[in-house]
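Student: Okay, handing you the structure first.
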Amino acid sequence: MGALLVSTAFAQEYEDLKALYIDGKYDKLVDKAEKYTKKEKTQNDPLPYLYMAKGLFKISLDAKWVADEHGKEVYGNAEMDALNKFVMYKKKDKGNVYRDIADPFMAELKGQLYEETQNYYETKVHKKVVGNMKKIQKIEPQNPGVLLLKGLSEYGVANKAEGKKNVADAVNMIKAIKSIEDFSKEDQGLLEYSLMAYTNFLLEQKDFSGAKSAIALGYQWFKGDEHKDYDALYNKVTNG
2 MGALLVSTAF AQEYEDLKAL YIDGKYDKLV DKAEKYTKKE KTQNDPLPYL YMAKGLFKIS
62 LDAKWVADEH GKEVYGNAEM DALNKFVMYK KKDKGNVYRD IADPFMAELK GQLYEETQNY
122 YETKVHKKVV GNMKKIQKIE PQNPGVLLLK GLSEYGVANK AEGKKNVADA VNMIKAIKSI
182 EDFSKEDQGL LEYSLMAYTN FLLEQKDFSG AKSAIALGYQ WFKGDEHKDY DALYNKVTNG
């Protein structure tokens, strides 16, 4: 009943925004959606924020949108802006009415963001890792892979107390997981990566017992041919 009432309240389906997205006119989509967010009658409707996020994300994937012909930056921070708009969308769509549109988009956005974040972690750009993970936490505060990787990078920016707390909280979350079947493919991948990163972090600290416990946390889910790297690390840590 609640969702039905919310759906009725959001009766406008914004076909104009949908058409601009389908046609690939992402700059016009962002401008038009933004106008809806500033109008009194539509400023609380979720869809304009969602379409702004979708448009900004597409812009972030193509260099032609980032700067104009004179090199002037136009959408230089489009990916983070997309995530910010998605956070605003989630606040507006409390009944999760538009999840059929939002969920596939969030999966796509996560996939891109997680890949970038892992590259930042590998190259020790820990400030970027912390920033990206904080953005995801605004949407999913109980995401264990996000919290674990953030915690490891808090150590990297000399914020040991916060890092220690994040890692401990993430480990407790992971221990409480019964199944990861409901996790998206992207979140499963990040959890696997984060556990390997945590294990390697402990190995660097020469905490071999801790590393063995860390890699064991996910072995029930991440083993076999599809998880060769995790398998290899598990065997290295447990069998020497």
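Using the working numbering, the first residue of the sequence shown is number 2, and each one after it goes up by one. Cβ coordinates follow ideal geometry from the N, Cα and C atoms, glycine included. As the structure is a computational prediction, the values presented were derived from the model and not from experiment.
Buried or exposed, going by whether 16 or more other CB atoms sit within 10 Å of the CB of residue 240?
Tutor: Exposed, since its Cβ has fewer than 16 Cβ neighbours within 10 Å.
Student: Note down, in chain order, each residue of its chain lying with its Cβ closer than 8 Å to the Cβ of residue 8, except the 5 sequence neighbours on either side.
Tutor: Because residue 8 sits at a pLDDT of 41, beneath the cut-off of 50, its placement in the model cannot be relied upon, and the following sentence gives the value as read from the coordinates. Cβ within range, chain order: 96 and 98.
Student: Using the Cβ count rule (16 or more neighbours within 10 Å means buried), how would you classify residue 62?
Tutor: Residue 62 is exposed by the Cβ-count criterion.
Student: Distance, Cα to Cα, residue 136 vs residue 39?
Tutor: Each residue's Cα considered, the two are about 23 Å apart.
Student: Can the beta-carbon of residue 171 be found less than 8 Å from the beta-carbon of residue 152?
Tutor: Contact flag set, yes.
Student: Between residue 86 and residue 46, is the Cβ-Cβ spacing less than 8 Å?
Tutor: Their beta carbons are not under 8 Å apart, which means residue 86 does not touch residue 46 by this criterion.
Student: Give me the Cα-Cα distance between residue 132 and residue 179, rounded to the nearest whole angstrom.
Tutor: If you take the alpha carbons of residue 132 and residue 179, they lie about 29 Å apart.
Student: Count the other CB atoms within 10 Å of the CB of residue 202; is the residue buried (16 or more) or exposed (fewer)?
Tutor: Looking at its Cβ environment, which holds 16 or more other Cβ atoms inside 10 Å, residue 202 is buried.
Student: Contact check, residue 207 vs residue 158 under 8 Å by CB: the rounded distance?
Tutor: That belief does not hold up - the Cβ atoms of residue 207 and residue 158 are roughly 22 Å apart, past 8 Å.
Student: In angstroms, rounded to a whole number, what distance separates the CA positions of residue 53 and residue 41?
Tutor: If you take the alpha carbons of residue 53 and residue 41, they lie about 17 Å apart.
Student: Check residue 157 in the structure and name its three-state DSSP category.
Tutor: If DSSP states are grouped into helix, strand and coil, residue 157 belongs with the helices.
Student: For residue 91, I'd like the list of residues in its chain whose CB is within less than 6 Å of its CB, leaving aside the five on either flank, ordered along the chain.
Tutor: These residues qualify, in order along the chain: 140.
Student: What does the Cβ neighbour count give for residue 64, buried or exposed, with the cut at 16 atoms within 10 Å?
Tutor: Residue 64 is exposed by the Cβ-count criterion.
Student: Grab me the residues of residue 156's own chain with a C-beta within less than 7 Å of its C-beta, minus the 5 sequence neighbours each way, in chain order.
Tutor: Within the same chain, residue 156 has close Cβ partners 164.
Student: Answer with buried or exposed for residue 108, where buried requires no fewer than 16 other C-beta atoms within 10 angstroms of its C-beta.
Tutor: Looking at its Cβ environment, which holds fewer than 16 other Cβ atoms inside 10 Å, residue 108 is exposed.
Student: In three-state terms, what does DSSP make of residue 58?
Tutor: The answer is helix: DSSP assigns residue 58 an H, G or I state.
Student: Can you give the beta carbon distance from residue 15 to residue 56, rounded, assuming they're within the 8 Å contact cut?
Tutor: That belief does not hold up - the Cβ atoms of residue 15 and residue 56 are roughly 12 Å apart, past 8 Å.
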